[in-house]
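Sequence lines, in order, name chains A and B.
Each residue of the first sequence is one higher than the last, beginning at 1 in full-length UniProt numbering.
Each residue of the second sequence is one higher than the last, beginning at 1 in full-length UniProt numbering.
Virtual Cβ for every residue (Gly too), placed ideally from N, Cα, C.
Below: one structure, written as structure tokens.
Protein chains: 2
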Amino acid sequence: MNFSLEKSIEILERTPLVLQTMLQNISDDWTSNTEGEETWSVYDVIGHLIYGEKTDWMPRAEIILSDKPDKTFESFDRFAQFEENKGKPLQELLNEFILLRQKNIELLRSKKLTNKYLEQKGIHPAFGEVTLAQLISTWVVHDLNHIAQISRVMAKQYKQDVGPWIAYLKILQS
Amino acid sequence: MNFSLEKSIEILERTPLVLQTMLQNISDDWTSNTEGEETWSVYDVIGHLIYGEKTDWMPRAEIILSDKPDKTFESFDRFAQFEENKGKPLQELLNEFILLRQKNIELLRSKKLTNKYLEQKGIHPAFGEVTLAQLISTWVVHDLNHIAQISRVMAKQYKQDVGPWIAYLKILQS
């Protein structure tokens with residue numbers, strides 16, 4: 001399959017509801033534990049997704065679509081959520097993510113992006129020139145990456161409990 | 001965290017709804033494509049989950065809890081879904097999975113399993129002795145494994161579209 005704006009939005013609009021369905025009212029043990037030192041809990045991942053809505057995806061799209069002579073993106077802080085969310089309950093983060101994503105999809109739709117716009121470019125601080133279609137594709141894959149990560153972090157809480165079946169469960173071996 | 005029946009059910013009861021939220025009314029391109037030769041589509045994975053509800057998890061729990069002298073499990077056919085589901089729309093499979101899982105959770109709850117029962121054993125055809133708690137833990141991790149797999153299969157449909165960002169997206173590298 002090839003990139004399509006509508007098919008991208010199909011994923012982007014589902015992600016917050018998928019996470020809500022997975023995580024609402026679930027025991028803290030599933031969401032506050034990590035995969036080990038220097039890794040994220042489910043709670044940390046939701047914070048990271050919120051920060052992306054605020055500072056990464058649509059702000060970068062706006063830079064690409066702007067008339068600015070310098071279209072270099074700001075760097076994205078992968079650790080901002082540790083300060084930003086201190087003390088907030090998970091459900092508050094989920095609600096925040098749902099609202100921010102909804103607004104960003106409305107904003108994205110409001111641009112009425114044709115192929116001409118999707119081929120416009122910005123400057124990524126590490127990679128150089130990237131297109132708007134690549135940015136939106138990455139937004140989609142980034143969502144799916146974090147759904148997979150959340151599933152893995154939760155699965156690992158039972159690593160000791162599955163006994164010999166660990167041999168069949170690839171998710172516990174990564 | 002350690003194994004707990006209630007926390008296991010928290011995951012088991014959410015999985016069909018998570019998949020429904022992810023996949024209902026989504027374009028076929030996301031669910032009928034695979035990761036490459038000899039790999040499964042999202043559609044194939046849902047069929048595999050249905051077959052597990054019918055022949056694997058609770059039937060094996062019943063063997064463990066039975067008075068039979070021989071508690072050897074039947075082998076599980078990982079490819080049965082290719083024949084069983086021919087021609088069925090994805091939504092029909094999702095509905096079937098939701099119903100089967102609901103019934104299996106009711107059946108599991110009806111057993112009122114105390115620790116004594118959770119330590120009872122069956123014979124796995126490859127591993128030998130396994131406990132009921134290990135079987136239920138594996139059921140949970142197996143769900144999460146397939147949610148992660150579905151996310152990965154979908155993400156890979158955009159492997160060519162993310163451009164240089166592929167370097168940051170681990171899910172595209174596995």
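Apart from the five residues on each side of it in sequence, which residues of its chain come closer than 7 angstroms, Cβ to Cβ, to residue i?
| i | result |
| --- | --- |
| B:K54 | L100 |
| B:V45 | H146, Q149, I150 |
| A:E62 | none |
| A:S75 | P125 |
| B:F3 | A133, S137 |
| B:Q20 | L94, I98 |
Can you list, in chain order, the residues of its chain whose CB lies under 6 angstroms from that of residue i, leaving out five sequence neighbours each side?
| i | result |
| --- | --- |
| B:P69 | none |
| B:S35 | Strictly speaking, residue 35 of chain B in this sequence is Glu, with Ser absent from that position. Counting only Cβ-Cβ distances below 6 angstroms, and skipping sequence neighbours, we find V153, K156. |
| B:Y51 | A80, Q81 |
| A:W57 | W139 |
With 16 as the cutoff for other CB atoms within 10 Å, does residue i come out buried or exposed?
| i | result |
| --- | --- |
| A:Q81 | buried |
| B:Q134 | buried |
| B:R78 | exposed |
| A:D161 | buried |
| A:T31 | buried |
| B:G87 | exposed |
| A:L107 | exposed |
| A:R60 | buried |
| A:N85 | buried |
| A:N104 | buried |
Determine the contact status of residue i and residue j, defining contact as a CB-CB distance below 7 angstroms.
| i | j | result |
| --- | --- | --- |
| B:V140 | A:Y158 | yes |
| A:I64 | A:Q120 | yes |
| A:L113 | A:L5 | yes |
| A:E10 | B:I26 | yes |
| B:I123 | B:K71 | yes |
| B:Y43 | B:L90 | yes |
| B:N130 | A:G163 | Asn is not the amino acid found at residue 130 of chain B; the sequence shown has Val there. Taking 7 angstroms as the Cβ cut-off, B:V130 and A:G163 qualify as a contacting pair. |
Please return the same chain residues whose Cβ sits closer than 8 angstroms to the Cβ of residue i, not counting the five positions on each side in sequence.
| i | result |
| --- | --- |
| A:W40 | T34, H48, Q149, V153 |
| B:S8 | I136, S137, W139, V140 |
| A:D29 | Q157 |
| A:L132 | A61, I64, L65, L113, Y117, L118, E119, Q120, K121, G122 |
| A:I166 | K159, L172, Q173 |
| A:M1 | K7 |
| B:R109 | I9 |
When you check each C-beta in the stretch 145 to 162 of chain B against every C-beta of chain A, which residues fall closer than 7 angstroms? N145, I147, A148, S151, R152, M154, A155, Q157, Y158, D161, V162
request  = Pull out every residue of the stretch 68 to 95 of chain B whose Cβ sits closer than 9 angstroms to any Cβ of chain A, in chain order.
outcome  = none
| query | Taking one C-beta from the stretch 15 to 22 of chain A and one from the stretch 96 to 113 of chain A each time, how about it: are there three or more such pairs within less than 8 angstroms? | reply | yes
Item to complete: Select from the stretch 106 to 120 of chain B all residues with a C-beta closer than 7 angstroms to any C-beta belonging to chain A, and list them in chain order.
Response: Those residues of the stretch 106 to 120 of chain B that come within reach of chain A (Cβ to Cβ, closer than 7 angstroms) do not exist; the list is empty.
- request: Check distances from the C-beta atoms of the stretch 26 to 44 of chain B to those of chain A and list, in chain order, the residues that come in under 9 angstroms.
  value: I26, S27, D29, W30, N33
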